[in-house]
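Notes for the one structure printed next.
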DNA sequence: GTCCGGGTCA
DNA sequence: TGACCTGGAC
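Take a look at the structure:
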């Protein structure tokens, strides 16, 4: 199939779009604590780990107490990983807490307790992928990179490509963003943040507020009359109710609040939940074993605890 | 009630 | 490509 080249924004448009979006961000951006002047690179890294799958409102309190307790990578690295898992609380996907602890150990031992500035070095840290590496380099250090998360991909799909929704992530997403990025690193960093912010609060997936959009004048999707031309979506997410993830979450919740190790039987009981007739009798054991395999729990003499 | 989103790893 | 957690939006 012939591929249609992306309509590269002409240079004047590129300048105008960047100015319009950055001007909007200057007054419309949410006042998030990790955006404050003087936020350390470590604090930015922690915020990006927590925000990977979690809404801002749930992250703020956890982020604040986390950094009071562990203001440097080495402070966290000195603790048992289970302490990170406990402090993670109910942010979800607790493997991220383990990854953050491992990244702290890596930074403390291999980088002199200084969060790397280089994208390649950041990518080598546990739990840091393409998005997080560029976000840290850009927002913590002011490096000039395109930063693309799913909010930005939706903005690019609509504004640049005239498509209602983003398809699967592609390497060219970074090129699309780079084509719009101001040359000045500070302006570029603001533009990266502004594109994500626009996707989060204006150019939303379900009910975009196009009348409030600062770049509506340049939006290809708006210009085409909001066609319903979204590409095929990912397979629908499995139900959470009754899932292995729910069973794992119940075990983790029990262990987070248990000062002492709990018996395997107690943990398996927690996995079953309140339902007296679980549909899948093998699920508790499967959830327990998968948590062991992930290193989220350890077992000693028939008793389970955080690592 | 049901849908939904999110980046990384294996 | 599928698994991973939770709570808020609809």
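Numbering (the UniProt record's numbering), first residue to last: 1 to 307.
Ideal Cβ positions, reconstructed from N, Cα and C, are used throughout, including at glycine.
Worksheet item: From the DSSP output, which residues share a beta bridge with residue 300?
Response: In the first chain, residue 300 corresponds to position 300, counting from 1. In the DSSP output, where bridge partners are listed per residue, residue 300 has 303.
Practice prompt. Report yes if the CB atom of residue 25 is closer than 8 Å to the CB atom of residue 190, and no otherwise.
Written response: What you label residue 25 is simply residue 25 of the first chain in a count that begins at 1. What you label residue 190 is simply residue 190 of the first chain in a count that begins at 1. Residue 25 places its beta carbon less than 8 Å from that of residue 190.
Worksheet item: Would you call the stretch 195-207 and the stretch 13-31 touching, i.e. three or more CB-CB distances under 8 Å?
Response: Between the stretch 195-207 and the stretch 13-31 there are three or more C-beta pairs closer than 8 Å, enough to call the two in contact.
Worksheet item: Would you call the CB atoms of residue 358 and residue 210 closer than 8 Å?
Response: As shown, the chain starts at 1 and ends at 307. That puts residue 358 outside it, with no answer to give.
Discussion item. Tell me the rounded alpha-carbon separation between residue 157 and residue 45.
Written reply: Here residue 157 refers to the residue found at position 157 when the first chain is read from its first residue. Here residue 45 refers to the residue found at position 45 when the first chain is read from its first residue. Approximately 27 Å, taken between the alpha carbons.
Worksheet entry | Residue burial classification, residue 155 (beta-carbon count within 10 angstroms, cutoff 16) | Numbered from its first residue, the first chain carries residue 155 at position 155. Residue 155 is buried by the Cβ-count criterion.
Item to complete: For the alpha helix (DSSP H) containing residue 101, list its first residue and its last residue.
Response: Walking along the first chain from the start, residue 101 turns up at place 101. Taken as a continuous stretch (DSSP letters only), the alpha helix (DSSP H) holding residue 101 covers 95-110.
Worksheet item: By DSSP, does residue 56 sit in helix, in strand, or in coil?
Response: Taking the first chain and counting its residues from 1, one reaches residue 56 at position 56. Correct three-state label for residue 56: helix.
Practice prompt. Count the other C-beta atoms from every protein chain shown that fall within 10 angstroms of the C-beta of residue 249, then say buried if there are 16 or more, exposed otherwise.
Written response: Stepping through the first chain from its first residue, residue 249 is reached at position 249. With 16 or more other Cβ atoms within 10 Å, it is buried.
Discussion item. Rounded to whole angstroms, what is the Cα-Cα separation between residue 94 and residue 296?
Written reply: What you label residue 94 is simply residue 94 of the first chain in a count that begins at 1. What you label residue 296 is simply residue 296 of the first chain in a count that begins at 1. So the alpha carbons of these two residues sit roughly 8 Å apart.
Worksheet entry | Three-state class that DSSP yields for residue 263 in the structure shown | Locating residue 263 in the first chain gives position 263, counting from the first residue. In this structure, residue 263 counts as strand in the three-state DSSP scheme.
Discussion item. Taking 8 Å as the threshold (C-beta atoms), are residue 283 and residue 244 in contact?
Written reply: Here the question's residue 244 lines up with position 244 in the first chain. Here the question's residue 283 lines up with position 283 in the first chain. A Cβ-Cβ contact shorter than 8 Å links residue 244 with residue 283.
Worksheet item: Exposed or buried, which one is residue 240 when buried takes at least 16 other CB atoms within 10 Å?
Response: Translated into the one-based positions of the first chain, residue 240 becomes position 240. Exposed.
Discussion item. Could you compute how far the alpha carbon of residue 83 sits from the alpha carbon of residue 14?
Written reply: Locating residue 83 in the first chain gives position 83, where the first residue counts as 1. Locating residue 14 in the first chain gives position 14, where the first residue counts as 1. Approximately 47 Å between the Cα atoms of the pair.
Worksheet item: In this structure, does DSSP put residue 169 in helix, strand or coil?
Response: By 1-based counting over the first chain, the position of residue 169 is 169. In the structure shown, the three-state DSSP call for residue 169 is coil.
Fill in: Three-state secondary structure (DSSP) of residue 289
As a working note, residue 289 is residue 289 in the first chain. Collapsing the DSSP output to three states places residue 289 in a helix.
Practice prompt. Reducing DSSP to helix, strand and coil, say where residue 83 ends up.
Written response: To locate residue 83, count along the first chain from 1; it is residue 83. Helix, per DSSP.
Item to complete: Would you please state the rounded distance, in angstroms, between the beta carbons of residue 91 and residue 58? I believe it to be under 8 Å.
Response: Within the first chain, the letter at position 91 stands for residue 91. Within the first chain, the letter at position 58 stands for residue 58. With a Cβ gap of about 6 Å, residue 91 and residue 58 count as contacting.
Discussion item. Among the candidates 242, 40, 252, whose CA atom is the shortest distance from the CA of residue 85?
Written reply: Stepping through the first chain from its first residue, residue 85 is reached at position 85. When C-alpha distances from residue 85 are compared across 242, 40, 252, the shortest belongs to 252.
Worksheet entry | alpha helix (DSSP H) segment containing residue 229, residue limits | For this step, residue 229 is matched to residue 229 along the first chain. Annotation: residue 229 is outside any alpha helix (DSSP H) and is labelled neither H nor E by DSSP.
Practice prompt. Below 7 Å CB to CB, which residues in the same chain sit around residue 3 once its five sequence neighbours on both sides are set aside?
Written response: Indexing the first chain from 1 puts residue 3 at position 3. Reliability fails at residue 3, whose pLDDT of 40 lies under 50, so the model's placement of it is uncertain and no value is given.
Fill in: Extent of the continuous alpha helix (DSSP H) to which residue 74 belongs
Here residue 74 refers to the residue found at position 74 when the first chain is read from its first residue. In the DSSP annotation of this structure, the continuous segment of the alpha helix (DSSP H) that includes residue 74 starts and ends at 73-77.
Worksheet item: According to DSSP, is residue 25 helix, strand or coil?
Response: Start at 1 with the first residue of the first chain, and residue 25 comes out as number 25. DSSP places residue 25 in helix when its eight states are reduced to three.
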